[in-house]
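Some notes on the structure that comes next.
Number of protein chains: 2
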Amino acid sequence: MLQAAPRQPSMRQAMNPVSDPDPTLPPYARVKAHLKDGLAGGRWAPGARMPSEAELVAQFGLSRMTVNRALRELQAEGLLERRQGAGTYATALHRVASTLTIRDLHEEIAARGHRHSAVVDLQRAESAPPALAAQLGLEPGAAVFHTRIAHLENGVPLQCEDRYVNPACAPDYLAQDYTRTTPTHYLLAVAPLWEAQYLIEAGRPTADEARLLGVAHTEPCLVVVRRTQSRGVPITLARLVHPGMRYTIAGSFTP
Amino acid sequence: MLQAAPRQPSMRQAMNPVSDPDPTLPPYARVKAHLKDGLAGGRWAPGARMPSEAELVAQFGLSRMTVNRALRELQAEGLLERRQGAGTYATALHRVASTLTIRDLHEEIAARGHRHSAVVDLQRAESAPPALAAQLGLEPGAAVFHTRIAHLENGVPLQCEDRYVNPACAPDYLAQDYTRTTPTHYLLAVAPLWEAQYLIEAGRPTADEARLLGVAHTEPCLVVVRRTQSRGVPITLARLVHPGMRYTIAGSFTP
DNA sequence: TAGTGGTCTAGACCACAGC
DNA sequence: CTGTGGTCTAGACCACTAC
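Sequence order for the protein chains is A and B. Quick note: the first sequence uses this note's numbering, first residue 1, plus one each step. Quick note: the second sequence uses this note's numbering, first residue 1001, plus one each step.
Quick look at the structure:
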């Protein structure tokens, strides 16, 4: 039903790129559209060899740079694999790489037109136990900053944020008023955020978290653990706990 | 090579780009590295105006196309915003766009060197209730294919996959042996996967799911709901339930 | 109008893969 | 060796923005 009409390439279709996309598109975009259509329509199976740059140059009457751009962008989008000297291939595409956007919670709530507020449960320096010290690149027992903050949307607890911060990166971290700004916002201002790793899992809240979120400690929660570095220097380790019924991470994938 | 020698922008150099990245990198990559370093180091604040293409051409002694490529790629990576006629700006970057990869579970398990097996609990055609029909672009009451399969890693249940499939897209879906292939794998072969949206949340398993996963129905589970279309035609709607303590989604962000 | 980005070209040299 | 992709150039024309 999709790859409806065409087929029976009989004579290799001679010319005509089968798809004749919007002629107002710039040429490189037309090449991309042509290749995407072909991939979507099964003209090239996963893993199959794609036309070479030279072939596309001849077929479309464009310069090689233009064709190269189209192919390079499709590669960046994960649709093609290219190997110097070997050729261009359709990706097996048994993976779906998707963009997941994690925004500052304050902005996320504001974007919904709702009111964000915060309850600061804890804001102090502590001595880092070995495991934590290792995560933040500190000596065991060194001072770390620790905050625990509940974030509310229109008065309803949405997230409990347990965060440890490397003092070297944000010496004034403890001096901020986190009912007026968020740790994320402050840390982004202090040091642009350059690398992050995260884990997403389901779990139960700790007693503290259950208290701050106003849920039973048996309530399933979505837990995001995120570690952030800037230029290789660990900045912060955060555990973000969301009541399962109140929070969802959404994403999409559109090549 | 060609543009080999140049450089020595005479006075310009004065302030030396601060960063003098790996000289073995291709020129466009050096420009990218220079700009990334500057952004990471706070040389340009979020929202600040970046050097124009012409300025970078003068500074690096490169052609405009090369500089343009560096800027275009940084834009694609979300680090820069560009407006024709206006200029190039550092993104406010109060968002962290991260790559989340969802792979076929069979491949994921195989990649860990473990053994994947599946228990097919249900495999039949059903009549689509209105809500489901709407999601799949069908008439209410139309036939849909429904499978419920537990996926095991070395014999331990890891995921319960409840899946509805648009029969028009995969007429032979019910004829497959899902102890030998996975629905994901089969559907990818039938119709390349072109758009997907998903939700990730924490919840409790249904009674069926708890039974198949061998967990209590109070156990927190990570639930991924994914909807997939190919060329705008809905293909499948899947609910993937993972026991919270056994499954984690990991991702990273490294601009 | 001047500056900016968006795009294209027709060549070129190189590194690498496969025969 | 040939064919492939990786990259660069020095111009060019255009559309848009801001003044």
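All C-beta atoms in this analysis are idealised placements derived from N, C-alpha and C, irrespective of residue type, glycine included.
Tell me, please, whether the CB atom of Thr218 of chain A is closer than 9 Å to any CB atom in chain B?
yes
From Ala1238 of chain B to Pro1205 of chain B, what does the alpha carbon distance come to, in whole angstroms?
14 Å
Does chain B have any CB closer than 9 Å to the CB of His242 of chain A?
yes
DSSP three-state label for His94 of chain A, please.
A caution first: His94 of chain A carries a pLDDT of 48, below 50, which makes its placement in the model unreliable, though a value can still be read off. In the structure shown, His94 of chain A sits in coil (DSSP, three-state: anything other than H, G, I, E or B).
Cβ-heavy atom distance between Ala1134 of chain B and the ligand GDP below 8 Å?
Although the ligand GDP was asked about, the structure shown includes no ligands whatsoever.
If you scan the segment 1106 to 1130 of chain B from start to end, which runs of the alpha helix (DSSP H) of 4 or more residues do you find wholly inside it?
none
Cutoff 9 Å: Val1120 of chain B Cβ touching any chain A Cβ:
no
What residue does the beta strand (DSSP E) around Gly203 of chain A start on, and which one ends it?
Glu195 to Gly203
What in chain A is Cβ-close to Pro1192 of chain B, meaning under 8 Å?
Leu39, Ala40, Gly42, Pro46 and Leu93
Which whole runs of the beta strand (DSSP E) in the segment 147 to 235 of chain A are 3 residues long or more, in chain order?
156 to 165, 195 to 203 and 221 to 230
Can you say whether Glu201 of chain A is buried or exposed, counting buried as having 16 or more other CB atoms within 10 angstroms of its CB?
buried
How would you list, in chain order, the residues of chain B whose beta-carbon sits under 8 Å from the beta-carbon of Leu222 of chain A?
Ile1200, Glu1201, Ala1202 and Leu1222
Please check if any C-beta of chain B sits within less than 9 Å of the C-beta of Gln197 of chain A.
yes
Taking Leu1035 of chain B as the reference, give the member of B:Gln1075, B:Ser1063 and B:Leu1222 with the closest Cα.
B:Gln1075
Determine the contact status of Gly1137 of chain B and Pro1046 of chain B, defining contact as a CB-CB distance below 9 Å.
no
Measuring CB atoms only, is the segment 1218 to 1226 of chain B touching the segment 211 to 231 of chain A, in the sense that at least three cross pairs come out at less than 8 Å?
yes
Which residue's Cα is closest to the Cα of Tyr1164 of chain B: B:Ala1142, B:His1151, B:Ala1086 and B:Leu1212?
B:Ala1142
Please list, in chain order, all residues of the same chain as His257 of chain A whose beta carbon is under 6 Å from its beta carbon, the five residues on each side excluded.
With chain A covering 1 to 255 only, the question about residue 257 of chain A has no answer from this structure.
For Val120 of chain A, the nearest candidate out of A:Leu62, A:Leu174 and A:Val224 (CA to CA):
A:Leu174
Which class does Tyr1028 of chain B belong to by DSSP, given the choice of helix, strand or coil?
helix
For the segment 122 to 134 of chain A, list every residue whose C-beta sits within 8 Å of some C-beta in chain B, in sequence order.
none
Report the residue from A:Arg227, A:Val57, A:Leu79 and A:Trp44 whose alpha carbon sits nearest the alpha carbon of Leu187 of chain A.
A:Arg227
State the start and end residues of the unbroken beta strand (DSSP E) segment that holds Leu1080 of chain B.
Leu1080 to Arg1083
Element boundaries [alpha helix (DSSP H), containing Leu62 of chain A]:
Unbroken run through Leu62 of chain A: none, as it is neither H nor E.
Given Asn1166 of chain B, which residues of its chain have a CB within under 6 Å of its CB, disregarding the five upstream and five downstream residues?
Leu1136, Pro1234 and Ile1235
Strictly under 9 Å for the Cβ-Cβ distance: is Arg1231 of chain B near chain A by that measure?
yes
Expressed to the nearest angstrom, what Euclidean distance is found between the alpha-carbon atoms of Ser1230 of chain B and Lys32 of chain A?
17 Å
Where does Leu138 of chain A sit, in a helix, a strand or coil, going by DSSP?
coil
Can you tell me the Cα-Cα spacing of Leu1025 of chain B and Gly1061 of chain B, whole angstroms?
15 Å
Within chain B, partners of Ala76 of chain A - CB distance below 7 Å:
Ala1076
Measuring only between beta-carbons, confirm whether Met50 of chain A sits less than 9 Å from chain B.
no
Quick check on DSSP: helix, strand or coil for Ala86 of chain A?
coil
Counting C-beta neighbours from all protein chains within 10 Å, is the total for Gly1244 of chain B 16 or more, i.e. buried, or is it exposed?
buried
Could one say the Cβ of Tyr247 of chain A lies closer than 9 Å to chain B's Cβ atoms, at least one of them?
yes
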